[in-house]
Amino acid sequence: MMQRSYDISINDSAIFMERNVPTVRSRKGWNDKTLYKVRFFLEGRDLFFVESVVYHLHPSFREALRLVTRTATNQECDLVNWLWGLFTVTAVVTMSDGNTMVIEHKMHFDKELKEREKDINYIKR
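So the sequence shown is numbered by the numbering used here: it starts at 198 and just counts up by one.
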């Protein structure tokens, strides 16, 4: 039996809409590195068929494997973290039919920040 192909991908963003204003939050972390609040999320035509996703973060994370179940209030399987660098995130997505798919994504929120620099509200702590 052939496994169905799904239109699902991972994206990342450091821009959050707060009171209808694109906002980026940052703070100083260990070794004086700037940490950014970043979200990973799934997108695609077949998002409705996603049951859950396990995000495989960089091995330097204390909890590098994060399970997110798709719910009515988290339909894109958002995962929010404070990050200081870019890495490739892998996701194992479980579909409602029991099939799984593995997706890799090279983070790019830094490019997004450069492209939208003028219309973003920056909040630093």
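Every residue gets a Cβ at the ideal spot worked out from N, C-alpha and C, and that includes glycine.
Quiz prompt | residue 246 versus residue 265: straight-line alpha-carbon distance, rounded | solution = Cα to Cα, the separation comes out at about 14 Å.
Quiz item: residue 257: which of 249, 273, 311 and 280 sits nearest, CA to CA?
Solution: Nearest in C-alpha terms to residue 257, of all of 249, 273, 311 and 280, is 280.
Quiz item: Would the stretch 249 to 263 and the stretch 217 to 233 be scored as touching if the rule is three or more Cβ pairs under 8 Å?
Solution: Because the criterion of three Cβ pairs below 8 Å is not met, the stretch 249 to 263 and the stretch 217 to 233 do not touch.
Quiz prompt | Given residue 222 as reference, the closest of 216, 211 and 230 once Cα atoms are compared | solution = Measuring from the Cα of residue 222, the nearest candidate turns out to be 211.
Quiz prompt | Per DSSP, cross-strand counterpart(s) of residue 209 | solution = DSSP output for residue 209 lists 237 as bridge partner(s).
Quiz item: By DSSP, does residue 311 sit in helix, in strand, or in coil?
Solution: DSSP places residue 311 within a helical segment (H, G or I) once states are collapsed to three.
Quiz item: When the Cα of residue 291 is compared with those of 318, 252, 312 and 270, which residue comes out closest?
Solution: Among 318, 252, 312 and 270, the Cα nearest to that of residue 291 is on 252.
Quiz item: Just checking, does the stretch 295 to 302 make contact with the stretch 270 to 287 on the three C-beta pairs under 8 Å criterion?
Solution: Yes, since at least three Cβ pairs between the stretch 295 to 302 and the stretch 270 to 287 fall closer than 8 Å, the two stretches touch.
Quiz item: Which stretch, first to last residue, makes up the beta strand (DSSP E) that contains residue 223?
Solution: DSSP places residue 223 inside the beta strand (DSSP E), whose first and last residues are 218 to 225.
Quiz prompt | Coil, strand or helix - residue 254 by DSSP | solution = Coil.
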